[in-house]
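Asker: Let me begin by handing over the structure; questions about it come next.
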Amino acid sequence: MSTDHTAALAADRAHHIHPFSYPGEVRAGRFRRVVERAEGVYQIDTSGRRYIDAVSGLGCVNIGYGREEMAEAAAEAMRTLSFHPTFWECTNPYSARLVEQLQRLTPDNMQHFLFANSGSEANDTAIKLVRWYWRLQGRPGKTHVISRDMAYHGMNLLTASLTGLAPCHPQFGLPLPGVSHVCAPWSWVEGTAGDDQDFGRRAADALEAEILRLGADNVGAFIGEPMQATGGVVTPPASYWPAIRRICDRHDVLLIADEVVTGFGRTGAWFGQETFGFNADITVMAKGMTSAYFPVSAVALNARIGEALLNDPGELYHGYTCSGHPVGAAVACMNMQILEQEQLVERVRDTLAPAFWRHLHALEDHPLVGEVRGMGLGAGIQLTADKVSRAFFPEDSDVDAQVTGHCYERGVIVRDLGADTVGVMPPFVTSEAQLDEIFDAVRYGLDLTLAGLN
Ligand code: PLP
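For what it's worth, the UniProt record's numbering labels the leading residue of the sequence shown as 1, then goes sequentially.
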């Protein structure tokens, strides 16, 4: 390691407050990873060791790392128009091209787009638009938003409140009022099969019960990830989302699909709504929009909501400095071009996902594995202390972290999602040989963890 590098790490230890990290560990210099470069599906650490990133960064680097075309697209935009706001009726060729591409590539229920920089900002924007919409309809009381347990919608005050992971709340006195959570469609804890369609409808009924409890006149929207990624890759049966759509329609509640992870191919279709058979009123996208080469997110509105808002004669008092940033727009367009030209979404659906699920199903008879769940190139491996009773391990046993630690020793990065779940979400450019390597490491991690428990 060079002296500069050592100095940089010392500065980081002393001054950088890392997200979702234990500050004490960072201050003591106990970094889990110091990654210097990345290319394709590999992250390369400061010692030169290569790791297969089987979680695509944070479920975002779908086209793989270090692509020259992406760097070129960013550089060209930076040279030409490094910044211009999209405020005050101004536009630029980059953001204009982005909406044109989005409109062409996304399903018909995505007609009007607002831009932001992160999934959290986009979800927060979506909730503001819900409020604006209902005010225009003469129903300003419809402000309450219903979310779900296990949900991850971001880390702003409001979006962290919508997030349904309990540890994210107490440090900040959350959730804010005006938000509530209903059960996730998590068949594992309900003791039912992942494809139990009655369970899917029952889980959806929890939303209707909550709307009735609150009074539909007070409820503006329901928000949900088509497949709950961070919360354990909780994947509902096919009956769930159509039932949610019917309930929202029955009670005049807007349906927001948070497609921050599922958007742009993760489930084997461009959007999770296509995979799970429903149309949201509002769709939120981020990560896969640029494969995280640049922070860009968007809120897409269907024609009904979009037209209603566009017909408001007043000004929109909302926006971020970098909404529709030329560099972000250029990068998002190039990312979509790569997805299209290399047919990566089709590759996920037709080639990679079948191979991926063959590997996952082969793990089902492992003594530690309770179930495997997910869709496309996203999976959660549920570990259990008892396959029959579906018992969780004691809180402090950290079996999921042990498995991910052993995979890391073997040069493969998978993610400990909590609740005894190991997440696997490889990039769309992973080869079948690399899938073999990933699952060799997972089995090694499971075997070693099991041996440690006995
Ligand atoms: N929504 C979902 C489904 C996510 O998974 C995430 C982040 O993981 C977010 C929203 C928040 O996105 P960001 O971290 O870009 O604010």
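For glycine and all other residues, C-beta sits at the position ideal for the given N, C-alpha and C.
Decide if residue 260 is buried, meaning its Cβ has at least 16 other Cβ atoms within 10 Å, or exposed.
Answerer: Classification of residue 260: buried, given that the 10 Å Cβ count is 16 or more.
Asker: Taking all protein chains shown into account, decide if residue 17 is buried (16 or more other Cβ within 10 angstroms of its Cβ) or exposed.
Answerer: Flag for residue 17 reads exposed.
Asker: Which residue wins for smallest C-alpha separation from residue 308, given the options 26, 344, 134 and 142?
Answerer: Residue 308 has its Cα closest to that of 134, out of 26, 344, 134 and 142.
Asker: Would you kindly work out how many angstroms separate the C-alpha atoms of residue 186 and residue 165, rounded to a whole number?
Answerer: Computed Cα separation, rounded: 14 Å.
Asker: Taking 7 Å as the cut-off, is the CB of residue 164 close to at least one heavy atom of ligand 1?
Answerer: Result no, Cβ not under 7 Å from ligand 1.
Asker: Measure the C-alpha to C-alpha separation of residue 33 and residue 27 and round it to an integer number of angstroms.
Answerer: Looking at the two C-alpha atoms, the distance is approximately 14 Å.
Asker: Taking 7 Å as the cut-off, does the CB of residue 68 come closer than this to any heavy atom belonging to ligand 1?
Answerer: Outside the cutoff, so no.
Asker: Thinking C-beta only, is residue 36 closer than 8 Å to residue 65?
Answerer: For residue 65 and residue 36, no; Cβs fall outside 8 Å.
Asker: Apart from the five residues on each side of it in sequence, which residues of its chain come closer than 8 Å, Cβ to Cβ, to residue 201?
Answerer: If we look at residue 201 and ignore the five residues flanking it on each side, its Cβ neighbours are 239, 240 and 243.
Asker: Can you round the beta-carbon distance between residue 299 and residue 122 to whole angstroms, since I take them to be within the 8 Å contact cut?
Answerer: Sure, about 5 Å apart at Cβ, within 8 Å.
Asker: Taking its Cβ as the centre, do 16 or more other Cβ atoms sit within 10 Å of residue 389, making it buried, or is it exposed?
Answerer: By the neighbour-count rule (16 or more Cβ atoms within 10 Å), residue 389 is not buried but exposed.
Asker: In the DSSP assignment, the beta strand (DSSP E) including residue 144 goes from what residue to what residue?
Answerer: That run of the beta strand (DSSP E) goes 144-148.
Asker: Buried or exposed: residue 316, going by 16 or more other Cβ atoms within 10 Å of its Cβ?
Answerer: It counts as exposed.
Asker: Any heavy atom of ligand 1 closer than 7 Å to the CB of residue 120?
Answerer: The answer is yes for residue 120.
Asker: Could you pull the start and end residues of the alpha helix (DSSP H) that residue 400 belongs to?
Answerer: Start and end: 399-409.
Asker: Quick one: any contact between the segment 268-277 and the segment 78-87, if contact means 3 or more CB pairs under 8 Å?
Answerer: No, the segment 268-277 does not touch the segment 78-87.
Asker: Looking at residue 267 and residue 425, is the spacing between their C-beta atoms short of 8 Å?
Answerer: No, Cβ-Cβ distance for residue 425 and residue 267 is not below 8 Å.
Asker: What did DSSP end up calling residue 17 once you bin it into helix, strand or coil?
Answerer: Of the three classes helix, strand and coil, the one that applies to residue 17 here is coil, per DSSP.
Asker: Is residue 133 near ligand 1, in the sense that its beta carbon is under 7 Å from a heavy atom of that ligand?
Answerer: No, the beta carbon of residue 133 sits no closer than 7 Å to any heavy atom of ligand 1.
Asker: What is the residue span of the alpha helix (DSSP H) that residue 70 lies within?
Answerer: It spans 68-80 - the alpha helix (DSSP H) in which residue 70 sits, taken as one unbroken run.
Asker: Can residue 302 be considered in contact with ligand 1, in the sense that its beta carbon sits closer than 7 Å to one or more heavy atoms?
Answerer: No - ligand 1 has no heavy atom lying nearer than 7 Å to the Cβ of residue 302.
Asker: Going by C-alpha to C-alpha distance, which of 334, 321, 150 and 302 sits closest to residue 74?
Answerer: Answer by Cα proximity: 334.
Asker: From this set, 57, 155, 285 and 373, which residue's C-alpha is nearest residue 357's C-alpha?
Answerer: The option with the nearest alpha carbon to residue 357 is 373.
Asker: Roughly how many angstroms separate the alpha carbons of residue 151 and residue 184, rounded to a whole number?
Answerer: For residue 151 and residue 184, the distance between alpha carbons rounds to 8 Å.
Asker: Contact defined as beta carbons within less than 8 Å: I believe residue 435 pairs with residue 359. What is the distance between those atoms, to the nearest angstrom?
Answerer: Sure, about 6 Å apart at Cβ, within 8 Å.
Asker: At 4 residues or longer, and completely inside the segment 258-311: list those alpha helix (DSSP H) runs for me, N to C.
Answerer: Within the segment 258-311, the complete alpha helix (DSSP H) runs of at least 4 residues are 272-276 and 303-310.
Asker: Would you tell me roughly how many angstroms separate the C-alpha atoms of residue 25 and residue 139, rounded to the nearest one?
Answerer: Cα-Cα distance, rounded: 50 Å.
Asker: I'd like to confirm something about residue 260: is its beta-carbon nearer than 7 Å to some heavy atom of ligand 1, or not?
Answerer: Checking the Cβ of residue 260 against ligand 1 gives yes.
Asker: Is it the case that the CB of residue 229 approaches a heavy atom of ligand 1 more closely than 7 Å?
Answerer: Residue 229 Cβ: within cutoff of ligand 1.
Asker: Can you find a heavy atom of ligand 1 that lies under 7 Å from the Cβ of residue 293?
Answerer: Result no, Cβ not under 7 Å from ligand 1.
Asker: Rounded to whole angstroms, what's the CA-CA distance from residue 116 to residue 287? Just pull it up for me.
Answerer: Their backbone Cα atoms lie some 12 Å apart in a straight line.
Asker: Tell whether a beta-carbon distance below 8 Å holds between residue 412 and residue 423.
Answerer: Result no, Cβ atoms of residue 412 and residue 423 do not sit closer than 8 Å.
Asker: Please confirm whether residue 195 and residue 226 have their CB atoms less than 8 Å apart.
Answerer: No, the Cβ-Cβ distance between residue 195 and residue 226 is not below 8 Å.
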